Amino acid sequence: MDVMIKTSFRVADDGTLIMGQCVYVPNNEMVKRKVLQETHDSKFVMHPGSTKMYQDLKPHYWWPNMKREIADYVLKCDICQQVKVEGSNCHNPIFTICFRNFPKKY
Ligand SMILES: [Zn+2]
6 MDVMIKTSFR
16 VADDGTLIMG
26 QCVYVPNNEM
36 VKRKVLQETH
46 DSKFVMHPGS
56 TKMYQDLKPH
66 YWWPNMKREI
76 ADYVLKCDIC
86 QQVKVEGSNC
96 HNPIFTICFR
106 NFPKKY
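Using the numbering used here, the first residue of the sequence shown is number 6, and each one after it goes up by one.
Take a look at the structure:
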């Protein structure tokens, strides 16, 4: 029995290639890196793990080997690796660093 995969592509007014409901990210390292950086280490996010990142990106973006490339990106993140090595289970080292930089008011 053949399995038919129905995929619909369309081009948006701004030239973006849309696959289903997702933006099809071109095979361009700079573009993919920008998407990964915005999702992983912009100042508004707290370095999510690869599974969370994949779940957040999946409804909006798609490219071949996306899941693998997200995992590789997180593995190569110095901050994530440092947090993993320190292995604290009672506080988040990222918060600790931020609070240490606040001036004491007492
Ligand atoms: Zn990270």
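C-beta atoms are modelled at their ideal positions from N, C-alpha and C, and glycine is treated no differently.
Quantities reported herein were computed from a predicted structural model and do not represent experimental measurements.
Taking all protein chains shown into account, decide if Met51 is buried (16 or more other Cβ within 10 angstroms of its Cβ) or exposed.
Start at 1 with the first residue of the sequence shown, and residue 51 comes out as number 46. With fewer than 16 other Cβ atoms within 10 Å, it is exposed.
Under a three-way DSSP split, which group does Cys85 fall into?
Within the sequence shown, the letter at position 80 stands for residue 85. Residue state, collapsed to three classes: helix.
List the endpoints of the continuous alpha helix (DSSP H) containing Met58.
Counting from 1 along the sequence shown, the entry for residue 58 is found at position 53. Taken as a continuous stretch (DSSP letters only), the alpha helix (DSSP H) holding Met58 covers Ser55 to Leu62.
Let me check you understand the geometry: is the CB of Cys82 closer than 6 Å to at least one non-hydrogen atom of ligand 1?
The residue you call residue 82 lines up with position 77 of the sequence shown. Because some heavy atom of ligand 1 lies under 6 Å away, the Cβ of Cys82 counts as near it: yes.
Would you kindly check if the distance between the Cβ of Val30 and the Cβ of Lys37 is under 7 Å?
Translated into positions along the sequence shown, residue 37 becomes position 32. Translated into positions along the sequence shown, residue 30 becomes position 25. Yes, Cβ-Cβ distance for Lys37 and Val30 is below 7 Å.
For a minimum of 4 consecutive residues, which ranges assigned as the alpha helix (DSSP H) are wholly contained in the segment 11 to 53?
You should have 34 to 45.
Shorter than 6 Å, the distance from the beta carbon of Cys85 to the closest heavy atom of ligand 1, or not?
By 1-based counting over the sequence shown, the position of residue 85 is 80. Cys85 Cβ: within cutoff of ligand 1.
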